[in-house]
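Quick notes on the structure that follows.
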RNA sequence: GGGUGCUUAGCUCAGUUGGUUAGAGCGCUGCCUUCACACGGCAGAGGUCAUAGGUUCGAGUCCUAUAGCACCCACCA
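In the working numbering, the protein residues as written are -6 to 871.
Laid out in structure tokens, this is it:
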């Protein structure tokens, strides 16, 4: 059946995907004898819609997956979504606020969670349909969600095991607190940003004195309400006499000790540091060292609490203003200056975090990290690109306790029950009915939920049924590749390795591939506020999923940025169109064939088969090393610059075309079919559409998804033919160049003479018709004696020359200049080569192959130099 | 403060262990409405590989220093 004139992705892609689903292409059989290959999709957050980063993940993983499926593996690509605790809760809260002006607190926990579940269902539906639009061959029968019952079981199991092993504990400590989200955060969830601030110097009067005071510098005057000491460096001469004395806390009139501690930097500020153990991580440590205790002066919303006396009820910001004002009034203020400093912000909502002392749950990450570090050191797990290994080690070697409790409603409730009678904790997988210590039934579950990343950390196996020894778990664990953005190396990848190894005793995957971050065309981070977000669906809508996918693969360099631009995707759309058009052409001429029948004696066939074979090798090498961009480029180059530009152009020559048709030669079709299969993982839709229209196929299967992925065969290498055709190409190209430089009209046929050794001419002669057609020559004379340079121009190739009558020429001045430059370049290159050959050290030290190469190079250059000199003389440049 | 990268054509980037005359896409210039394709064809211009040293027979590739840029981690009030 002929292909329609244009491939219209908008019309075709949906139904092609539907067909794959109907055929069950994406679902592996659990009891297959085939070797398994598994990737779990990094579960997108159910906060909204997919962005370009997801599209990149989907594309790269689908390329790996589809290729392995075609290579006969039992392939599982498992889709899922993440409940994304803080992020989703925040989105839904905002939504509620905007829609009905209600807060979660007025709704209550149960009602609010209902709303979040509704949101989740909607968002998940959107995400699924987007992944389908992109063409991702995910096994939807195994769709998972991080709050699924089976995942919950895994989460509890993991928690209980770690608790029993002493690796999870509850402790009162200073943690990062987001007053807007009203929850504790892990260190990773706090982003330090430089903000403009002020540095205030305040008087702390000596107890009993009206004149003597310490000048204390701070960026946060409001925290003086919680000061429990002033610290100076033990070696600081200025303050020796103050140590052990007491000072009066301004405005509050409490008396606090002056202590000495090495932590204080005497060079910084005034050398006297106020200590607020309740609201500063360092002060907390200092306070602990000196037994100062803790004074918490903010409530969960970061308003001053009842410990703040007159300031009670004020927000942090208002309290600061008020306190500064009062200090000035009371003559306790000395001076202030502008001072930029780093302030921690909530990763999710950008609120300034407030360090706060509270009871939280922690994981002893340093214990889990040890085997996880070793796994990468011993290369049991490879991280690619390799430089990320260093980053991984750096973080893992300095890992700190991981705060896993969150004061949220949306998430996995921590499986701990407190007994009202004996105050002890019951930690269990199954919800207990009574306290395991005193049998009391007065128990209540911990209100806190777990950090989202705790459940994500189990994803490679919690989705497969662990801790049950299910068929899926046995077949598909460990996974093969974990592919994701480098931004979640610590958040997610490191934790999967730690938890995976601890829980299952095995590495969760053998390869981590970290892709670059998607940026806009100027390299700027995409953000809604900047308005530079490129929506993958919008691009797909205009140019098709295949174009976007090919673009993403093409640009997945091993750098850190991937810039998305319309022009770039257009180029890839053009490539898809090229494929479509050449397919149209091939089917037009060879679509009637019923079987493969290749004329292996045809040199053009040998050449393209050899080139195809080389391409297969390059694609395989590139994909095995996750160089998607390189694989995409090889395919692009082969299809466009070799198959279309030369093979098809050769085949179009009248005699050739007729003879191909007469013989029923199917090479053009067969090579196209292999290209389709090679390209299918990259551009699944258009390749499937064309494949469906082929008159016969290499595979009896209904879908190209099941067809075999082409593999390199060393018996399809035709080195000699490649050289021979390469020479033909050069003859044509040089002739065309000459025509171009002398402005010979395209319609003007010219006569050529080809001069060279008999052997060379014999190799060229089979291509006479093709040379004539593509160089637009009406005749070719084959000569072994050199034609007159009086009447002809000579184009010198490595081992032969093309002669063209001077009668075709016009103005030569530009050409002379160009050739002079050429001559200069060649002479320099020749001089370099010759100096190598006369250099004894080079001749002694370089390997034989290199020396032979240089010798050959020198010979070629010599011939070329002579040729250009001759040519210059011929066209009148001395 | 610690760490990791980057600097190659106008732009975005390749260039695997040092080895022949440094590549691609886009963009640019000229010509061509040739029967698959103007989302096309043909041809062309364009780079002292950031700088300065060094190692080597040979350096875009290795070493040292310098400059500039980006990112990550970190509690300097």
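Every residue, glycine too, gets a C-beta built ideally from N, C-alpha and C. Just so it is clear, the structure is predicted and the values come from calculations on it, not from any experiment.
Presumed contact (8 Å Cβ cut-off) between residue i and residue j, rounded CB distance
i	j	result
residue 69	residue 35	Residue 69 to residue 35, Cβ: 15 Å. No contact.
residue 400	residue 176	4 Å
residue 130	residue 67	At roughly 14 Å, the Cβ-Cβ gap does not stay under 8 Å, so residue 130 and residue 67 are not in contact.
residue 879	residue 294	Nothing in the structure corresponds to residue 879, since the chain is present only between -6 and 871.
residue 332	residue 212	7 Å
residue 854	residue 819	6 Å
residue 496	residue 368	Their Cβ separation, rounded to whole angstroms, is 14 Å, which puts residue 496 and residue 368 out of contact at 8 Å.
residue 700	residue 692	4 Å
residue 725	residue 764	6 Å
residue 33	residue 71	5 Å
residue 511	residue 557	6 Å
Nonlocal neighbours in the same chain, by C-beta distance under 7 Å from residue i, ignoring five residues either side
i	result
residue 792	749 and 753
residue 156	420
residue 642	767
residue 667	605 and 703
residue 432	none
residue 220	242, 249, 267, 268 and 269
residue 784	798 and 799
residue 483	181 and 388
residue 562	532, 536, 540, 541 and 544
residue 306	296 and 297
Beta-carbon proximity list for residue i, same chain, < 8 Å, skipping 5 on both sides
i	result
residue 659	583, 586, 588, 589, 590 and 591
residue 626	547
residue 886	Since the first residue of the chain shown is -6 and the last is 871, residue 886 is not available in this structure.
residue 661	579, 582, 583, 640, 641, 644 and 653
residue 617	none
Own chain residues within Cβ distance below 6 Å of residue i, not counting five before or after
i	result
residue 513	519 and 525
residue 601	640 and 664
residue 82	401 and 403
residue 47	37
residue 375	504
Beta-bridge pairing of residue i - partner residues as DSSP gives them
i	result
residue 418	411
residue 550	Answer is none; residue 550 lacks a bridge partner.
residue 192	330
residue 29	67
residue 518	512
residue 797	745 and 786
residue 506	377 and 476
residue 38	75
residue 596	Residue 596 pairs with nothing; no bridge assigned.
residue 308	296
residue 436	412
With three or more beta-carbon pairs closer than 8 Å as the criterion, would you say the stretch 192 to 212 touches the stretch 382 to 393? No: fewer than three Cβ pairs fall under 8 Å.
Quick check on the DSSP output: what are the complete alpha helix (DSSP H) runs of length 4 or more inside the stretch 712 to 779, in order along the chain? For the stretch 712 to 779, whole alpha helix (DSSP H) runs of length 4 or above, ordered along the chain, are 712 to 734, 751 to 757 and 761 to 768.
Counting beta carbon pairs with one atom in the stretch 609 to 622 and one in the stretch 731 to 738, are three or more of them shorter than 8 Å? Flag = no, the stretch 731 to 738 and the stretch 609 to 622 do not touch.
Given 8 Å as the limit, is there contact between the stretch 133 to 142 and the stretch 302 to 312, that is, 3 or more CB pairs closer than that? No, because fewer than three Cβ pairs between the stretch 133 to 142 and the stretch 302 to 312 fall closer than 8 Å, the two stretches do not touch.
Do the stretch 793 to 800 and the stretch 736 to 749 touch if we need at least three Cβ pairs shorter than 8 Å? These segments touch.
Count the C-beta pairs between the stretch 495 to 510 and the stretch 8 to 19 that are closer than 8 Å, then say yes if the count reaches three, no if not. The stretch 495 to 510 vs the stretch 8 to 19: no contact.
Runs of beta strand (DSSP E) wholly within the stretch 333 to 362 (minimum 3 residues, chain order): Complete beta strand (DSSP E) runs here, min 3: 347 to 356.
Assess, as a yes-or-no matter, whether the stretch 438 to 448 is touched by the stretch 70 to 85 under the definition of 3 or more beta carbon pairs within less than 8 Å. Output reads yes: the stretch 438 to 448 touches the stretch 70 to 85.
As an exercise, report each continuous alpha helix (DSSP H) stretch of at least 4 residues that is fully enclosed by the stretch 616 to 698, in chain order. Fully enclosed alpha helix (DSSP H) runs of 4 or longer: 621 to 630, 642 to 645, 647 to 656, 660 to 672 and 677 to 685.
Report yes or no: do three or more beta-carbon pairs, one from the stretch 819 to 829 and one from the stretch 759 to 774, lie closer than 8 Å? Remark: fewer than three beta-carbon pairs, one from each stretch, lie closer than 8 Å, so the stretch 819 to 829 and the stretch 759 to 774 are not flagged as touching.
In chain order, which continuous runs of the beta strand (DSSP E) of length 3 or greater are located wholly inside the stretch 227 to 299? Qualifying beta strand (DSSP E) stretches, in chain order: 239 to 241, 248 to 253 and 265 to 268.
Can you find at least 3 beta carbon pairs, one from the stretch 666 to 681 and one from the stretch 541 to 549, that sit closer than 8 Å? Enough Cβ pairs lie closer than 8 Å, so yes.
When the Cβ atoms of the stretch 184 to 191 are set against those of the stretch 332 to 348, are three or more pairs found closer than 8 Å? The stretch 184 to 191 makes contact with the stretch 332 to 348; the number of CB pairs closer than 8 Å reaches 3 or more.
Whether or not the stretch 92 to 101 and the stretch 406 to 424 are in contact is what I'm after, with contact meaning three or more pairs of Cβ atoms, one per stretch, closer than 8 Å; do they touch? Short answer: they don't touch.
Are there three or more Cβ pairs, one per stretch, closer than 8 Å when the stretch 120 to 127 is compared with the stretch 40 to 56? Yes, they touch.
Which complete beta strand (DSSP E) runs does the stretch 121 to 208 hold, if anything under 3 residues is left out? Within the stretch 121 to 208, the complete beta strand (DSSP E) segments at least 3 residues long are 161 to 171, 176 to 178 and 183 to 199, listed from N- to C-terminus.
List in chain order: all unbroken alpha helix (DSSP H) runs of 4+ residues lying wholly within the stretch 43 to 104. 45 to 63, 78 to 93 and 97 to 100, all fully within the stretch 43 to 104.
Should the stretch 152 to 170 be called in touch with the stretch 344 to 360, which here means at least 3 C-beta pairs below 8 Å? Short answer: they touch.
Flag this pair as touching only if the stretch 158 to 172 and the stretch 319 to 330 have three or more C-beta atom pairs under 8 Å; answer yes or no. Proximity of the stretch 158 to 172 to the stretch 319 to 330 falls short of the contact definition, fewer than three beta-carbon pairs being nearer than 8 Å.
Would you call the stretch 567 to 577 and the stretch -6 to 5 touching, i.e. three or more CB-CB distances under 8 Å? Taking one beta carbon from each stretch, the stretch 567 to 577 and the stretch -6 to 5 have 3 or more pairs nearer than 8 Å; the two touch.
Would you say the stretch 358 to 376 touches the stretch 480 to 490, given that touching needs at least three Cβ pairs under 8 Å? Verdict: yes, contact present.
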